[in-house]
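Participant: Per this note's numbering, residue 3 is the first one in the sequence shown, and the count goes up by one each step.
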Amino acid sequence: MPQTKALTDVAQQLFTIRDYIRWSFSQFNHHNVYFGHGTDNAWDEAVHLVLGSLHLPWDFDPSMLDARVTRDEAITILSHVEKRCLDRVPLAYLLGEAWFAGLPFNVDHRVLVPRSPIGQLIQNHYEPWVNEEPTRVLDLCSGSGCIGIATAYAFPYARVDLADISEDALCVARSNVERHDLADQVTVYQSDLFDDLPKEAAYDLIVSNPPYVDEEDLEAMAREYHHEPALGLGSGLDGLDITRRILRDAPRYLSDKGVLICEVGNSEFALQDAFPEVPFLWLEFEMGGQGVFMLTAEQLKEYAGHFA
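1. Assign residue 3 to buried or exposed, taking buried as 16 or more other Cβ atoms, counted over all protein chains shown, within 10 Å of its Cβ.
2. Spatial neighbours of residue 198 within its chain, please: CB distance less than 7 Å, with the 5 preceding and 5 following residues excluded, ordered by chain position.
3. Hey, is the region 84-95 in contact with the region 138-148, meaning 3+ C-beta pairs nearer than 8 Å?
4. Could you pull out every residue in the same chain whose Cβ sits closer than 6 Å to the Cβ of residue 196, ignoring the five residues on either side in sequence?
5. Would you decide whether residue 72 is buried or exposed? Buried here means 16 or more other CB atoms lie within 10 Å of its CB.
6. If you count every other CB in all the chains shown that lies within 10 Å of the CB of residue 102, and 16 or more means buried, which is it?
7. Between residue 178 and the rest of its own chain, which residues show a CB-CB distance below 8 Å, the 5 nearest in sequence each way excluded?
8. At the level of alpha carbons, what is the spacing between residue 113 and residue 172?
9. Taking the beta strand (DSSP E) that residue 99 falls in, what are its first and last residues?
10. Answer yes or no: do residue 16 and residue 76 have a C-beta to C-beta separation smaller than 8 Å?
11. Quick check on this structure: which residue in 247, 307 and 291 has the alpha carbon closest to the alpha carbon of residue 123?
12. Report all residues from its chain with a CB closer than 7 Å to the CB of residue 188; omit the five preceding and five following residues, and keep chain order.
13. Return the CA-CA distance between residue 202 and residue 228, expressed in angstroms with no decimal places.
14. Three Cβ pairs or more, each shorter than 8 Å: is that satisfied between the region 36-43 and the region 60-68?
15. My guess is that residue 234 and residue 272 are in contact by the Cβ rule of under 8 Å, so how many angstroms apart are they, rounded?
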């Protein structure tokens, strides 16, 4: 049942899918809900919540907007709206699913909600930065596995490894490997960055969305982010503790022609200040996003002394 009498009363006044979308939209505006985990506005969030709660696709027949919602369905929708507005739970956790690079992924509180602009690179097959299909790919700090699994779709003949220090996160990643039937192509490793990966590994592409939020930003983040695992967000005073280790150790795991693509978000400026001599290539995204750099294996080796 809905958690409050007020919601019970609401359920007696709403009837159709259209009604519930409109009402959810109003609630999000009234409660000043923060958007940053899949949508960027109240209307899209309302549509996503209602359709997701009803197990309906985005492209369903619009004539169904006037279909009536059952009592049990109403309870589910109203409960999700209440948790979204009052508890500020990200919608992906309420639905147990998020979309990334055009693919669905299982998500829950053990992993971050997928939202990296790297998804745009994957849908473009990493062009023009990767010109040949890689033989072996590493998704480092993989969380739910969304980056590595989507990359496996982009490069169906590549062997893809997922690595994360969190066994909780890797449980979710394994469920996604199974969901996408990629066990023959994708391997999961519990590893503190590179420490427990196969020593003989030589990756043509290492792609990483590591923790990169600095202490100040971590404290100031919206309540929604505090439902996510802190291990996947914070990375020291300047947000670069993990990135420094990646830059230091990546050359030993890249093939001669390999590339590193790494997201650092708002810590982009701190990274440039820390290593002003390093020629980071900052990638641009047509659909928005920033703070993703690329370095080649050759560049990483050339500037290795700066990362030591």
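Built from N, CA and C at the ideal position, the CB exists for glycine as well. Nothing here was measured: the structure is a model prediction, and the numbers come from that model.
Facilitator: The relevant details are as follows:
1. Annotation note: pLDDT 34 at residue 3 (below 50); position unreliable, coordinate value reported separately. It counts as exposed.
2. 191 and 192
3. Segments in contact, no.
4. 251 and 255
5. exposed
6. So residue 102 ends up on the buried side.
7. 107, 108, 146, 147, 148 and 151
8. 9 Å
9. 99-102
10. yes
11. 291
12. Excluding sequence neighbours, residue 188 sits near 150, 151, 154, 162, 164 and 179.
13. 38 Å
14. no
15. Not quite, the Cβ-Cβ distance comes to about 19 Å (not below 8 Å), so this is no contact.
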